[in-house]
Ligand code: DGL
């Protein structure tokens, strides 16, 4: 099976990492819109128009499935993407909610949703979790984490100060949804800051979702072929990918 993977930048590589580890795919075409990252601070119609441009690029490949490895796009543009292509398109929000449902049995767990402004203001995580019976949900937009990760800042004083700023009123969190595919790079720091709260990761969630909802099978013989494209500085995206993915 050949999949397209789309993100605004390098964050979607965290989803690729999970996909490679799971050995679900024969081929991945990765496209990061590095010229226009971040998406999460932009309005809905801009995110839709950027996403539809990306879709035109993906149409050059004979894909079996398109994976939207960006919560902001999943929040605002999933329907429009689906209306414009004839293959299955999966986003990361539905799978994230399913991951909470499958791994958290106590409905009164304190859940913290982190994401970009776009993802948080869409309320999709919030509404999905409420629908599944979870009662105690706090959502905060943490957009500054995106440029920190893009800059390769995964620890140190700036990250600590940023967490202090965002988490100053946050207490007793059981589960943190990393509702942005950039955030797994600082997963350990976020979890530690929040007293070892359990984390939900878009990449791991989508793997489980694909196994459950689509006809994908683990094949240990797969040595997934992956090609990277970016709208700006493709070489630096490749460099980061090789470092993060060990390929
Ligand atoms: N990786 C993207 C997400 O999951 C967001 C980064 C951005 O703001 O573009 O929402």
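Numbering (the numbering used here), first residue to last: -12 to 234.
All C-beta atoms in this analysis are idealised placements derived from N, C-alpha and C, irrespective of residue type, glycine included.
For this session: Give the straight-line distance between the Cα atoms of residue 33 and residue 64, rounded to the nearest whole angstrom.
Result: One C-alpha to the other measures close to 10 Å.
Problem set entry | Whole-angstrom distance between residue 79 and residue 50, CA atom to CA atom | Taking the straight line joining both Cα atoms gives about 18 Å.
Exercise. Hey, quick one: how far does the alpha helix (DSSP H) through residue 222 stretch, first residue to last?
Worked result: Its alpha helix (DSSP H) spans residues 221 to 232.
For this session: Mind checking which residues open and close the alpha helix (DSSP H) that includes residue 175?
Result: Its alpha helix (DSSP H) spans residues 174 to 180.
Problem set entry | alpha helix (DSSP H) segment containing residue 3, residue limits | Where residue 3 is concerned, the enclosing alpha helix (DSSP H) stretches over 0 to 9.
Exercise. Are the CB atoms of residue 106 and residue 166 nearer to each other than 8 Å?
Worked result: In this structure, residue 106 sits near residue 166, with a CB-CB distance shorter than 8 Å.
Exercise. Relative to the alpha-carbon of residue 28, which residue among 55, 108 and 75 has its alpha-carbon at the smallest distance?
Worked result: In this structure, 108 is the residue among 55, 108 and 75 with its C-alpha nearest to the C-alpha of residue 28.
Problem set entry | 8 Å contact criterion, which residue 173 and residue 227 should meet: CB distance rounded | Wrong, their Cβ atoms sit about 15 Å apart, outside the cutoff.
Exercise. Does the separation of the CB atoms of residue 55 and residue 100 fall below 8 Å?
Worked result: Not closer than 8 Å, so no.
Exercise. Since residue 123 sits in a beta bridge, which residues does DSSP pair it with?
Worked result: Answer is 97, bridged to residue 123.
For this session: Starting from residue 14, follow the beta strand (DSSP E) in both directions and report where the run begins and ends.
Result: In the DSSP assignment, residue 14 falls within the unbroken beta strand (DSSP E) covering 14 to 19.
Exercise. Per the contact definition of three or more C-beta pairs closer than 8 Å, is the segment 107 to 126 in contact with the segment 197 to 210?
Worked result: Of all C-beta pairs linking the segment 197 to 210 to the segment 107 to 126, fewer than three are shorter than 8 Å, placing the two stretches out of contact.
Exercise. Candidates 66, 71 and 176: which alpha carbon is nearest residue 44's?
Worked result: For residue 44, the closest of 66, 71 and 176 by C-alpha to C-alpha distance is 71.
Exercise. Looking at residue 35 and residue 52, is the spacing between their C-beta atoms short of 8 Å?
Worked result: Contact check for residue 52 against residue 35 fails: the beta carbons are separated by 8 Å or more.
Exercise. If you run the structure through DSSP and keep just helix, strand and coil, what is residue 165?
Worked result: Of the three classes helix, strand and coil, the one that applies to residue 165 here is strand, per DSSP.
Exercise. By Cβ distance, which residues of its chain are closer than 8 Å to residue -10, with the 5 residues on each side in sequence left out?
Worked result: Counting only residues of its own chain and dropping the five nearest sequence neighbours on each side, residue -10 has a CB closer than 8 Å to the CB of 6, 12, 14, 15, 16, 50, 51, 52, 53 and 54.
Exercise. Rounded to a whole number of angstroms, what is the C-alpha to C-alpha distance between residue 186 and residue 202?
Worked result: If I take the Cα positions, the gap works out to 27 Å.
For this session: Give the straight-line distance between the Cα atoms of residue 31 and residue 104, rounded to the nearest whole angstrom.
Result: Here the C-alpha atom of residue 31 lies approximately 11 Å from the C-alpha atom of residue 104.
Problem set entry | Residues that residue 187 bridges to, as DSSP identifies them | Looking at the DSSP output, residue 187 bridges to 164.
Exercise. If we count the other Cβ atoms within 10 Å of its Cβ and call it buried at 16 or more, is residue 94 buried or exposed?
Worked result: Result: exposed.
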